[in-house]
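Q:
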Amino acid sequence: MADWKEQMQNLVNSLEKLEQHINVTPEEKEAIEKSETVWGTTPYFASLMDKDDPNCPIRKQVIPSQKENENNYGIENYLIYKENRSNEENRPDTIARQYHDRVAFTVMKTCANYCRHCFRKEVVVDQSLKLNFDLEEGLQWIREHQEVRDVLITGGDPLLLSDEKLDFLISKLREIPHVEMIRIGSRVPIVLPQRITEGLLKVLGGYHRVPIWLNTQCNHANEITEETAKAVYKLMTSGINVGNQAVLLKGINDDVQSFRELHQKLLSVRIRPYYLFYCEPAPGIDHFRTPVEKGAELIRDAIRGHTTGLAQPMYVMATNIGKIPLMPDYYIKEKSDKEYTVVNYKGQETTIPNIPE
Ligand code: SF4
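Numbering (the numbering used here) for the sequence shown: 1080 to 1436.
1) Using 8 Å as the Cβ pair cut-off and three pairs as the minimum, do the region 1368-1378 and the region 1330-1337 touch?
2) Quick check on this structure: which residue in 1179, 1126 and 1421 has the alpha carbon closest to the alpha carbon of residue 1429?
3) Rounded to whole angstroms, how far is the Cβ of residue 1278 from the Cβ of residue 1317, which I believe are closer than 8 Å?
4) What's the C-alpha gap between residue 1380 and residue 1291?
5) Can residue 1138 be considered in contact with the ligand SF4, in the sense that its beta carbon sits closer than 6 Å to one or more heavy atoms?
6) Thinking residue 1151 and residue 1118 are a contact (beta carbons under 8 Å), I'd like their distance in whole angstroms, please.
7) Residue 1361 bridges to which residues according to DSSP?
8) To the nearest angstrom, report how far apart residue 1103 and residue 1413 are at their CA atoms.
9) Is there contact here, the region 1389-1405 with the region 1350-1367, by at least three beta-carbon pairs under 8 Å?
10) Which whole runs of the beta strand (DSSP E) in the region 1094-1151 are 3 residues long or more, in chain order?
11) Apart from the five residues just before and just after residue 1257, which ones in its own chain have a Cβ nearer than 7 Å to its Cβ?
12) Around the Cβ of residue 1081, are there at least 16 other Cβ atoms within 10 angstroms (buried) or fewer (exposed)?
13) Regarding residue 1193 and the ligand SF4, is the C-beta to nearest heavy atom distance less than 6 Å?
14) Please report the residue range of the beta strand (DSSP E) in which residue 1404 lies.
15) Measure the C-alpha to C-alpha separation of residue 1427 and residue 1387 and round it to an integer number of angstroms.
16) Under the DSSP definition of a beta bridge, which residues are partnered with residue 1356?
17) Any contact between the region 1230-1240 and the region 1172-1191? By contact I mean 3 or more CB pairs, one from each, below 8 Å.
18) Roughly how many angstroms lie between the CA atoms of residue 1129 and residue 1326, to the nearest whole one?
19) Any contact between the region 1097-1114 and the region 1208-1222? By contact I mean 3 or more CB pairs, one from each, below 8 Å.
20) For the ligand SF4, is there a heavy atom less than 6 Å away from the beta-carbon of residue 1236?
21) Mind checking whether residue 1262 and residue 1236 have CB atoms under 7 Å apart?
22) Exposed or buried, what is residue 1138 when buried is set at 16 or more other beta-carbons lying within 10 Å of its beta-carbon?
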């Protein structure tokens, strides 16, 4: 199925369709039958699932789990809190803001893969939070806020908009003199690489004053195929940089081998690791979360010194007051007036002079 629209029309979102790809376990079957949330993925992404292993990292991201009904640590009304939707600034539903010079512009709630760990699940997966996706209202707000120089188009998955709608949105943003860059957050290069068509590249690509940066989300090496590599190459040769924003997920990428393989394989298909996000405290996804320190440990034990520094994402926690960096901090062991004692990834120590200010 090479056509992206056909992929979307045939979304794997029922037990019967899923059974065409894998041997569904009784637990998975029960969770699907009881789930009241939106779930599903493309036939392409479903074809990457391990047929017989319920611990397959792709299955865990796609198939509902009964654990989603447990909520011991998640924050209720998470998006309202996290995206500062209830503060004094009057913004359209489409605009989320945590910083002075950049905003997230939420344009739709449809996805090609309904990730079970999604922090926007209240809008996308549970659909308990209803937003008014009025694009013109969002554009007008951006026009009136001259301090906004960077717009992140997000969703849902914005690359599921038609070429015509995307063209409208991007050309209108590019007409705003104070907008200097556009970012797109999309899982499409990973879950629906067929969407990277000539028509889309015409809309997104080419030289322009306002460049487009695309960040995708890939959480395990098994998600990367030849199709991914070709889609990313087409984007890059059209002038669009592609980065990755992985989410740290328990049982999926929280061991040294999976973590290293993921980041090495991303580079092998020209995707630059950008962020590793601590899995956010949205309700019903406790089972995906690790202790906070885990991400820094993985960067220390799987990446630093073990492979090229290009493979190293910045580990952060996204909060209601912005992103908090959580990188490993053990490199400076001691500091005296004369020197620093520093430690490498093997625990070896050396000293460098401390130069007074
Ligand atoms: S593609 Fe993004 S918005 Fe959609 S379910 Fe996955 S994480 Fe959430």
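Just so it is clear, CB atoms sit at the ideal spot from N, CA and C, and this is done for glycine as well.
A: Let me lay it out:
1) Touching, per the Cβ criterion.
2) Per the C-alpha coordinates, the member of 1179, 1126 and 1421 positioned closest to residue 1429 is 1421.
3) Separation of the CB atoms of residue 1278 and residue 1317 is rounded to 12 Å, and the pair is thereby denied contact status at 8 Å.
4) Take the alpha-carbon of residue 1380 and the one of residue 1291: they are about 33 Å apart.
5) Not under cutoff, so the answer is no.
6) Wrong, their Cβ atoms sit about 22 Å apart, outside the cutoff.
7) Looking at the DSSP assignment, residue 1361 forms no beta bridge with any residue, so it has no partner.
8) Just so you know, the alpha carbons of residue 1103 and residue 1413 end up roughly 54 Å apart.
9) These segments touch.
10) Fully enclosed beta strand (DSSP E) runs of 3 or longer: not present.
11) The residues are 1225, 1227 and 1228.
12) So residue 1081 counts as exposed.
13) Residue 1193: yes, Cβ under 6 Å from the ligand SF4.
14) That run of the beta strand (DSSP E) goes 1401-1404.
15) Approximately 19 Å, taken between the alpha carbons.
16) Note: residue 1356 sits in a beta bridge opposite 1326 and 1395.
17) Short answer: they touch.
18) Taking the straight line joining both Cα atoms gives about 21 Å.
19) Below 8 Å, too few C-beta pairs join the region 1097-1114 and the region 1208-1222 to call them touching: fewer than three.
20) Yes - the ligand SF4 has a heavy atom lying nearer than 6 Å to the Cβ of residue 1236.
21) Cβ distance not < 7 Å, so residue 1262 and residue 1236 don't count as in contact.
22) Buried is the call here.
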